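Shown next, in structure tokens, is the structure this report addresses.
Protein chains in written order, with full-length UniProt numbering: chain A, 1 to 191; chain B, 1 to 191.
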């Protein structure tokens, strides 16, 4: 199965008050941790608001600049999907989830089986990210608009598969306070 | 017919000795003249060596950064083609041809008819650019490698259509001397 990761890094980080993707977690910028978790996967990084700041960290990546980034996440998903339209599935990856690992990504991908329109990771039954979307849903994914993510098209579908994972599939950085929590988790795990 | 323009702006400009795309012709950077000639066409700009310098001029464009730009033009064409793989044809546009106009581009596109695998503009019978490539040739275009352009796959084909245009389809800027010639043409036309 050919899988392409659409790495969403175009946002303004308004609730964070700036570019959260270069904040350091475990001595490494958040975005580079996420890219490491995608090691071995075809991918394209979608940038927008902070293209100039991010570029120096991404010189080995295929990058798409989304001029419509202010119109929300769906515009970035749509551009990434154009790039992977001949693939079997895409993985929609939020770059503000620095605790995601290569093992988690592989676990999500491995959970795919015939008949799944998507694979969603859960923790204690709560749905998280990143989400794998099979090509049967590409047309619906293309029709999304505004600041909504891929999970929007999965509501009420009975063919969505889930896979239980650790808490990392629920932990994202929206605010500076979230970053502090993530740093505490990383420090505790180190000790 | 859905046509997407792949705007090639990733090169290092070695023979020019730097970034030729921001050189001014008729008070306007070369790359912006070319984008103006593509007004009304779907397009994606492929950048590479000079991404940081070019970005401020391209904030309203969909841009793909090609991390393989040192491996030549074919790597940029391939990335652009991924984006337009569901289109009927692509226009391969060299950004160092600042005398191309919207009229010329429309003339090339209008010359397409059933049975053309491509449309190549000519001046006095000499083949120039930009070239329109129909989707029947997308697989071959994807297989190009190294620093070769789309015309490589057209050699010896009997289904390549041509359309006679002005000298602008032959005039590109490879060296500083070429730029001087272009400036002389523009100044003469103004007088």
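Where a beta carbon is used, it is the ideal one built from N, C-alpha and C, also for glycine.
Quantities reported herein were computed from a predicted structural model and do not represent experimental measurements.
Scanning its chain for C-beta atoms nearer than 6 Å, with the 5 sequence neighbours on each side dropped, one finds around residue 4 of chain B the residues 42, 84, 87, 90, in chain order. The continuous stretches of beta strand (DSSP E) do not include residue 80 of chain B, which lies in the alpha helix (DSSP H) extending over residues 73-83.
Contact between the segment 14-26 of chain B and the segment 170-183 of chain B is established, with three or more Cβ pairs separated by less than 8 Å.
Among the CB atoms of chain A, one or more fall inside 9 Å of the CB of residue 65 of chain B. For the UniProt domain "MobA-like NTP transferase" (5-157) of chain A, the beta-carbon criterion of a distance under 9 Å to any beta-carbon of chain B is satisfied by 44, 45, 47, 51, 52, 55, 56, 58, 59, 60, 61, 62, 63, 64, 65, 66, 67, 68, 79, 82, 83, 84, 85, 86. Taking C-alpha positions only, residue 120 of chain B is separated from residue 35 of chain B by approximately 19 Å. Residue 173 of chain A: not part of any beta strand (DSSP E); DSSP gives it neither H nor E. One alpha carbon belongs to residue 132 of chain B, the other to residue 48 of chain A, and they sit about 30 Å apart. Around the C-beta of residue 96 of chain A, 16 or more other C-beta atoms lie within 10 Å, and the residue is accordingly described as buried.
Under the Cβ criterion (8 Å, minimum of three pairs), the segment 64-75 of chain A counts as touching the segment 5-12 of chain A.
If the five residues before and after residue 147 of chain B are omitted, its C-beta is found closer than 6 Å to the C-beta atoms of 72, 73, all from its own chain and listed in chain order. From the listed residues B:141, B:94, B:144, B:157, the smallest Cα separation to residue 128 of chain B is found for B:94. Here residue 29 of chain A is buried: its Cβ has 16 or more other Cβ atoms, across all protein chains shown, within 10 Å. If you draw a straight line from the Cα of residue 116 of chain A to the Cα of residue 161 of chain A, it is about 6 Å long. With a cutoff of 9 Å on beta-carbon distance, residue 102 of chain B and residue 145 of chain B are scored as not near each other. By the Cβ neighbour-count rule, residue 76 of chain B is buried, with 16 or more other Cβ atoms within 10 Å of its own. Along the UniProt domain "MobA-like NTP transferase" (5-157) of chain A, the alpha helix (DSSP H) occurs as fully enclosed runs of 4 or more residues at 30-37, 51-54, 73-83, 102-110, 138-143, listed in sequence order.
Between residue 185 of chain B and residue 149 of chain B, the gap from beta carbon to beta carbon reaches 9 Å or more. Straight across, the Cα-Cα distance linking residue 32 of chain B with residue 14 of chain A is about 31 Å. Here residue 3 of chain A is bridged, per DSSP, to A:89. Per DSSP, the unbroken beta strand (DSSP E) holding residue 161 of chain A starts and ends at 160-164. For residue 1 of chain A and residue 104 of chain A, the gap between their C-alpha atoms comes out near 18 Å.
The beta-carbon distance between residue 65 of chain B and residue 19 of chain B, rounded to whole angstroms, is 15 Å. This is too long to meet the 8 Å contact definition. Note that the C-beta distance between residue 118 of chain A and residue 79 of chain A is not below 9 Å.
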